[in-house]
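Quick note on numbering: the sequence shown equals residues 1 to 91 in full-length UniProt numbering.
Only one structure is covered here, and it is reproduced in the block below.
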Amino acid sequence: MNVHDFLYYIILPILSISSLLVFVRFFKGPSIVDRVVALDLLITISIGIIAIYSILNDKPTFLDISLVLALIAFLGTVAFAYYLEKRNKND
């Protein structure tokens, strides 16, 4: 078993199943914090899937897309933390 088989037959199904579980948490989440954490995790999983696609198809330009998604996820998390801090100060 080489690296490509390992990525295709083991890692990719694990990421797919975990994305389905995260979707359940995103739609079922009782609070906004749960939904934001689930969305952040969903973006992280999609970064992993894009990276695996990039490795399997030998297309390194898709790693740039992963980098942009990581930056967007980070900025979204920081913005949400800022929002929660401002909301708690007003209460």
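Ideal placement from N, C-alpha and C gives every residue a C-beta, glycine not left out.
Keep in mind the model is a prediction, meaning the values are calculated, not measured.
For Lys-28, the uninterrupted alpha helix (DSSP H) segment begins and ends at 12-28. Within the same chain, Leu-15 come within 6 Å of Ile-49 by CB-CB distance, once the 5 residues on both sides are set aside. Across the set Val-68, Ile-72, Tyr-53, the C-alpha of Tyr-53 shows the shortest separation from the C-alpha of Leu-7. Under the Cβ criterion (8 Å, minimum of three pairs), the segment 18-28 counts as touching the segment 38-45. Counting only the Cα atoms, Val-33 lies some 13 Å from Glu-85.
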